[in-house]
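Trainee: Here it is, the structure, as structure tokens.
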RNA sequence: UCCUCUGUAGCUCAGCGGUAGAGCGGGUGGCUGUUAACCACUAGGUCGUUGGUUCGAUCCCAACCGGGGGAGCCA
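Residue numbers (our numbering): 64 to 518.
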């Protein structure tokens, strides 16, 4: 007999004429005098299916002692439920136990703290919260591919292991086959030069944009920064589109369109899971997402953002001054209080931005943009790239970077250079925004953060 | 890396300078088409680790380890 998903049975419009089969895990059991109720979840959706197990079942004594977490399969008849609370229930003809749980199974029916669940990351997908998070994660990953593929973007697999040790995006993990002693003795390494885990696929992505026009990458990224915050992980996933013949305006437009597309998709395709987050994680979630989906984003030149902050009358812990990076508290004011919606801040001072960003005509800013989301902060960071060979060379020299190491990158400007632009979207930050989950460790299956790489 | 809070039963927590308690969860029994079910009984803890102060430390002090929140950096 073919397996039916709990989802398909719960959504049944009419009772099937033949018996059905489900396979899953017990969420809870309630006993009556002559029968037991089992709630079975198979991960196909948030809800569980109520199974009625009558005492006449041959293995009823065993069934009546099943604990949360036990795995089994049930063959039976789907019928309209006699009780309230669910439309359908499954009256069991046969229950086959795959694996019982002993009494030390750590998950209870009641709520657990996210901190405790992190310590049992191998079991937490079995909870309502994490089941929902990872279903949404999967849908969002698919939606990202769909968004770009529908617009003719080519998916490029940029390398995980890289020799670019000065991409400037953060501290890097060293990749080596050498022992510490061998490294000291100068033994040649596997690749013949120092190599690292990538902190960004952008530079390699640019090379493909300068051939295929519109490309995107979507893969793991590694930063060896010693950050202890709810927004940083050492290993995370990033989406980096790059577009040839595109300026900052087009870059910002794509980022905003993408965020709205993803929010809209989540609301359509993950409605049940989002309703759960709205109820138990963040009561403002659906209101905020609908707002983001339906309203245009604000756009502020950096200079204007600074003026707004200076005129706000707020006393910030860090002073506001043109030429300084916007602090988290400044970004929060702009997006949560001044604009009350996502804000794209653009045209940043050139001295606080990396060498590859395009110099503006004013001589003091670059065509950079950050998309700030309420409650999360920076969710997208991007720029138009400097396509003028001489300007780019000057930037490298000014930042003390060797033109030799970037010769292949400079070649893109030597041979048929084009204006181009792109950005990076932190996938986990997007998920935090879409689910309302406030810690990045709870939207990635097995989080890696400084001091912790369990599982 | 810095600031700050925290570590007592499987979970969430209370407690006190004289070696510990609740609720939930587990077990047993009862009851009911139940649905975070309910009622009764019951088991379960070298109070994060190592030192120190003290007649005596879970409690006070120090260091270390783990966890949370914030800052910086960024996505």
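Idealized CB from N, CA, C, for every residue including glycine.
Please tell me whether residue 298 and residue 507 are closer than 9 Å, where the distance is taken between their beta carbons.
Mentor: Yes, the Cβ-Cβ distance between residue 298 and residue 507 is below 9 Å.
Trainee: According to the neighbour-count rule (16 or more other Cβ atoms, all chains shown, within 10 Å of its Cβ), is residue 483 buried or exposed?
Mentor: So residue 483 counts as buried.
Trainee: What separation, rounded to the nearest whole angstrom, lies between the Cα atoms of residue 331 and residue 476?
Mentor: Rounded to the nearest angstrom, the two C-alpha atoms are 43 Å apart.
Trainee: Write down the C-beta distance between residue 436 and residue 420 rounded to the nearest angstrom, noting that I regard them as a contact closer than 8 Å.
Mentor: 21 Å between Cβ atoms; not a contact.
Trainee: Just the Cα atoms here: how many angstroms apart are residue 379 and residue 428?
Mentor: Going by the C-alpha atoms only, they are around 24 Å apart.
Trainee: Please confirm whether residue 218 and residue 168 have their CB atoms less than 9 Å apart.
Mentor: Not closer than 9 Å, so no.
Trainee: Within its chain, find whatever has a CB closer than 7 Å to the CB of residue 286; leave out the 5 residues flanking it on each side and keep chain order.
Mentor: Answer for residue 286: 233, 234, 262 and 297, listed in chain order.
Trainee: Considering only residues of the stretch 420 to 494, which uninterrupted beta strand (DSSP E) runs meet the minimum length of 3 residues and lie entirely inside it, listed in chain order?
Mentor: As far as the stretch 420 to 494 is concerned, its whole beta strand (DSSP E) runs of at least 3 residues are 428 to 436, 440 to 448 and 483 to 489.
Trainee: Pull the bridge partners of residue 152 from the DSSP assignment, please.
Mentor: According to DSSP, which records beta bridges pairwise, residue 152 is partnered with 113 and 142.
Trainee: List the residues that DSSP assigns as beta-bridge partners of residue 411.
Mentor: Answer is 429, bridged to residue 411.
Trainee: So does the stretch 307 to 317 actually touch the stretch 483 to 499, counting three or more Cβ pairs closer than 8 Å?
Mentor: Taking 8 Å as the limit for Cβ pairs, the verdict is that the stretch 483 to 499 does touch the stretch 307 to 317.
Trainee: Would you kindly check if the distance between the Cβ of residue 425 and the Cβ of residue 394 is under 9 Å?
Mentor: No, the pair does not count as a contact, with Cβ atoms beyond the cut-off.
Trainee: Give the C-beta separation of residue 70 and residue 108 to the nearest angstrom, bearing in mind that I take them to be a contact with Cβ-Cβ under 8 Å.
Mentor: Indeed, because the Cβ distance is near 4 Å, the residues count as touching under 8 Å.
Trainee: Would you say residue 304 and residue 223 are within 9 Å of each other, going by their C-beta atoms?
Mentor: Not a contact, by the Cβ cut-off of 9 Å.
Trainee: If you check the beta carbons only, do residue 366 and residue 385 fall under 9 Å apart?
Mentor: For residue 366 and residue 385, yes; Cβs fall inside 9 Å.
Trainee: Spatial neighbours of residue 200 within its chain, please: CB distance less than 7 Å, with the 5 preceding and 5 following residues excluded, ordered by chain position.
Mentor: Closer than 7 Å at Cβ, skipping near neighbours: 494 and 506.
Trainee: Look at residue 153 and residue 120 and say whether their C-beta atoms are less than 9 Å apart.
Mentor: No, they are not a contact pair.
Trainee: Quick check on the burial criterion: 16 or more other C-beta atoms within 10 angstroms. Buried or exposed for residue 510?
Mentor: With 16 or more other Cβ atoms within 10 Å, it is buried.
Trainee: Closest to residue 92 by CA distance: which of 410, 134 and 80 is it?
Mentor: Out of 410, 134 and 80, 134 has the C-alpha closest to the C-alpha of residue 92.
Trainee: From residue 215 to residue 172, what distance separates their C-alpha atoms?
Mentor: Cα-Cα distance, rounded: 46 Å.
Trainee: Which class does residue 325 belong to by DSSP, given the choice of helix, strand or coil?
Mentor: DSSP places residue 325 in helix when its eight states are reduced to three.
Trainee: Give the single residue among 88, 447 and 67 whose Cα lies nearest to the Cα of residue 82.
Mentor: Minimum Cα distance to residue 82 is reached at 67.
Trainee: Can you list, in chain order, the residues of its chain with a C-beta nearer than 8 Å to that of residue 391? Leave out the 5 residues immediately preceding and following it.
Mentor: Taken in chain order, the residues that qualify are 440.
Trainee: Leaving out five residues before and five after residue 144 in sequence, what residues of the same chain have Cβ atoms less than 8 Å from its Cβ?
Mentor: Excluding residues within five positions, the ones whose Cβ falls inside 8 Å are 113, 150, 151 and 152.
Trainee: Residue 301 bridges to which residues according to DSSP?
Mentor: According to DSSP, which records beta bridges pairwise, residue 301 is partnered with 282 and 489.
Trainee: Assuming residue 408 and residue 374 form a contact by the criterion Cβ under 8 Å, report the distance between their Cβ atoms to the nearest whole angstrom.
Mentor: That pair is no contact at about 16 Å.
Trainee: Taking residue 208 as the reference, which of 301, 79 and 106 has the closest Cα?
Mentor: For residue 208, the nearest C-alpha among the options comes from 301.
Trainee: With a threshold of 6 Å on Cβ separation, who are the neighbours of residue 254 within its own chain once the five nearest residues in sequence on each side are excluded?
Mentor: Contacts found: none.
Trainee: Per DSSP, what are the beta-bridge partners of residue 374 in this structure?
Mentor: Answer by DSSP bridge pairing: none, since residue 374 is not bridged.
Trainee: From residue 188 to residue 294, what does the alpha carbon distance come to, in whole angstroms?
Mentor: Roughly 21 Å separates the two Cα atoms.
Trainee: Which residue or residues does DSSP assign as beta-bridge partners of residue 344?
Mentor: Paired residue(s): none; residue 344 is not in a bridge.
Trainee: Could you compute how far the alpha carbon of residue 269 sits from the alpha carbon of residue 212?
Mentor: Straight-line Cα distance between these residues: approximately 18 Å.
Trainee: Can you check which of these residues, 65, 96 and 98, is closest to residue 86 by C-alpha distance?
Mentor: The shortest C-alpha separation from residue 86 is found at 65.
Trainee: Can you tell me whether residue 90 is buried or exposed, with buried defined as 16 or more other CB within 10 angstroms of its CB?
Mentor: Buried: at least 16 other Cβ atoms inside 10 Å.
Trainee: Quick one: give me the first and last residue of the beta strand (DSSP E) that residue 87 is part of.
Mentor: Looking at the DSSP string, the run of the beta strand (DSSP E) that includes residue 87 is 83 to 94.
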